[in-house]
Amino acid sequence: MYPAPIDEYVRPATVADALAALGRYEEGDAVFIAGGQSLMQAVKARLVRPRCLIDLQAVDGLSGIEVGAEGLRIGPMTRYAEIARDARLGGAWGALGDAARRVGDRQVRNRGTVGGSLCWNYVAACMPPTAIGLGATLELTAADGSTRSMAAEDFLGGPLETAREENEILTAITIPPAGANAGSAYKKWGLVTDALPVIGVCIALEAEGGRCTAARVAVGGLAGGPQRAGAAEAALAGVAADDDAGIAAAMDAAAREIETQGDLWADSDYRKQLIRSLGADVAASAFGRAAGEEAGQ
Ligand SMILES: Cc1cc2nc3c(=O)[nH]c(=O)nc-3n(C[C@H](O)[C@H](O)[C@H](O)COP(=O)(O)OP(=O)(O)OC[C@H]3O[C@@H](n4cnc5c(N)ncnc54)[C@H](O)[C@@H]3O)c2cc1C
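Have a look at this one:
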């Protein structure tokens, strides 16, 4: 399919100009375009029919990764490829690289952005559960210049739903500072290697003496949108890195508490089994990173 006619293409240089362009149109008639990897499929299929495309590529300050005492600050226009090759993102932030290195193919990773993934919130996307697992906060700027921040888990709703208001732009993603003994990992399983996942699991944990003191567990690929697994988080606390049975019990708790759906790709029970098996691998990688090993997927 080819898109319905698009009247205007704008390439603003500032956030204020991008929001001003959005404000010139009725709701839904103008849309931001980041990497275009999701949006253009919807435009070509005429599921989305914008009259104006606002290209964010040249907007100042929306791209790049800053590491500081406050943790990580990632511009929404940062592309997967940049995240994948950033050597600073190991240990506590290792899940980011795991997710970014396996999104689609090289072309998608060179074009697609972390902000586009979060704002689209596709059912099978990798960044939404990763952002929730890492405790990310999203910063949104409105047309009047005001900003608000919210936890990724509050921003991300059901598939293709977010808490973004029509007059807002995502301007930053922040992730808390890395603890000394913290590690995180993400792993997915899809029908084709590196394709969209049927299930993706992110775990971020802190450990002392090889024993987990706190954990966050998030799962993607769900009909209800990405979710935290609170029972698994509680069950992981106190579990030692080499306690395979304890890790398995925590992941079983995740599988039992999370509602999974059946569809063309996998039935509900298969998804639960993926949560158990992927979850155990991810926990092992996260423990390894917390201990200073650079174990990826
Ligand atoms: C072949 C293929 C394979 C893929 N495989 C995977 C995979 O394995 N894992 C995975 O997670 N994803 C996968 N994807 C999806 C990919 O990750 C997309 O890049 C991502 O979902 C959207 O990012 P984007 O930068 O392309 O955003 P776009 O498509 O440009 O935009 C997506 C949406 O976000 C909005 N938006 C973008 N930036 C902002 C902003 N700063 N503020 C407000 N709104 C904004 C846009 O208006 C639009 O509604 C795949 C895509 C393709 C084509």
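Following the working numbering, the numbering of the sequence shown begins with 1352 at its first residue and continues without gaps.
Don't be surprised by glycine CBs; every beta carbon is placed ideally from N, CA and C.
Quick caveat, the model's predicted, so the values are computed rather than measured.
Output the boundary residues of the beta strand (DSSP E) element that contains residue i.
| i | result |
| --- | --- |
| Cys1553 | Ile1550 to Glu1559 |
| Met1501 | Thr1498 to Ala1502 |
| Ile1357 | Taken as a continuous stretch (DSSP letters only), Ile1357 belongs to no beta strand (DSSP E), as it is neither H nor E. |
| Thr1522 | Glu1519 to Ile1526 |
| Ala1432 | Careful: Ala1432 lies outside any beta strand (DSSP E), inside the alpha helix (DSSP H) at Tyr1431 to Ala1435. |
| Ala1493 | Thr1488 to Ala1493 |
In the DSSP assignment, find the unbroken alpha helix (DSSP H) run with residue i in it and report its ends.
| i | result |
| --- | --- |
| Leu1542 | Run containing Leu1542: none; DSSP gives neither H nor E here. |
| Arg1452 | Gly1445 to Arg1452 |
| Ala1600 | Asp1595 to Glu1608 |
| Asp1620 | Ser1619 to Ala1641 |
| Ala1367 | Val1366 to Gly1374 |
| Cys1470 | Val1465 to Trp1471 |
| Val1459 | Arg1457 to Arg1462 |
| Ala1393 | Leu1390 to Lys1395 |
| Met1478 | Met1478 to Gly1484 |
Drop a sphere of 10 angstroms on the beta-carbon of residue i, count the other beta-carbons inside from all chains shown, and report buried for 16 or more, exposed for fewer.
| i | result |
| --- | --- |
| Ser1535 | buried |
| Gln1388 | buried |
| Glu1559 | exposed |
| Tyr1353 | exposed |
| Ile1736 | This structure cannot speak to residue 1736, because the chain is shown only from 1352 to 1648. |
| Ile1520 | buried |
| Gly1463 | buried |
| Leu1542 | exposed |
| Tyr1360 | exposed |
| Gly1442 | buried |
Strictly by DSSP, which residues pair up with residue i?
| i | result |
| --- | --- |
| Cys1563 | Ala1558 |
| Ser1535 | Ala1555 |
| Gln1578 | Val1570 |
| Gly1419 | Gly1422 |
| Asp1406 | Ile1384 |
| Leu1507 | Thr1513 |
Less than 8 angstroms between the CB atoms is what I'm expecting for residue i and residue j, so what's the real figure, rounded?
| i | j | result |
| --- | --- | --- |
| Gly1576 | Ala1494 | Not quite, the Cβ-Cβ distance comes to about 27 angstroms (not below 8 angstroms), so this is no contact. |
| Ala1364 | Val1410 | 7 angstroms |
| Ala1591 | Arg1562 | 5 angstroms |
| Asp1380 | Arg1397 | Their Cβ separation, rounded to whole angstroms, is 14 angstroms, which puts Asp1380 and Arg1397 out of contact at 8 angstroms. |
| Val1474 | Val1552 | Not really, about 15 angstroms apart at Cβ, beyond 8 angstroms. |
| Ala1318 | Val1568 | Absent from the model: residue 1318. The displayed extent of the chain is 1352 to 1648, so no value can be given. |
| Ala1446 | Thr1481 | 5 angstroms |
| Leu1511 | Trp1471 | 7 angstroms |
| Pro1528 | Gly1422 | 4 angstroms |
Using a strict less-than 5 angstroms threshold between each residue's beta carbon and the heavy atoms of ligand 1, what residues do you get? Val1382, Phe1383, Ile1384, Ala1385, Gly1386, Gly1387, Gln1388, Ser1389, Leu1390, Pro1427, Val1454, Gly1455, Val1459, Gly1463, Thr1464, Gly1466, Gly1467, Ser1468, Cys1470, Trp1471, Ala1476, Cys1477, Ile1520, Leu1521 and Leu1547
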